[in-house]
Structure formats: C-alpha cells, structure tokens
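Residue numbers (the numbering used here): 1 to 72.
Glycine is no exception: its CB is placed at the ideal position from the N, C-alpha and C atoms.
Treat the numbers as computed from the prediction; the structure is a model and nothing was measured.
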C-alpha cells in the first residue's frame, strides 16, 4: 500500500518539477551580464506559488513515506 503511494508521489514530483519555470537558465546569464534582475527579490504569485508549495508538500510526503518504509 505505501509502496503504491510512494510511486504516485514520485511521479507527481517529477511532473510538478517539470511544470515549474526554468530558473536555471537565468543563472547562465550571470556570466554574460544579460540579466540585471536576477538577484532582485521577486515574489511568486498565483500558479507559480501554488506549484512551489505543492512541490514542497510532495517532497516532505516523499521523505516521510520513504522513512516509514525504511523503518518498517
């Protein structure tokens, strides 16, 4: 039962991470100087905030289920 839930959570984590905006490509612009707003404090809003929090919840759930299965 827990193994099935862990599999579903794993697939959801992969899907949600792929839905997130590509912030890593902005890091490459540091070298070329193409992104002045990279280190500005920009807040996530709407769908991005939901996806970010959902990823956090799925990550914690993955960790807890994995720990329970390990100790079992």
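Distances from the CA of residue 21 to each of 4, 52, 11 were compared; the closest alpha carbon is that of 52. In this chain, the alpha helix (DSSP H) harbouring residue 53 covers 47-71. Annotation for residue 3: the continuous alpha helix (DSSP H) segment containing it runs 2-19.
Excluding five sequence positions before and after residue 5, the CB atoms of its chain that fall closer than 8 Å to its own CB belong to 65, given in chain order.
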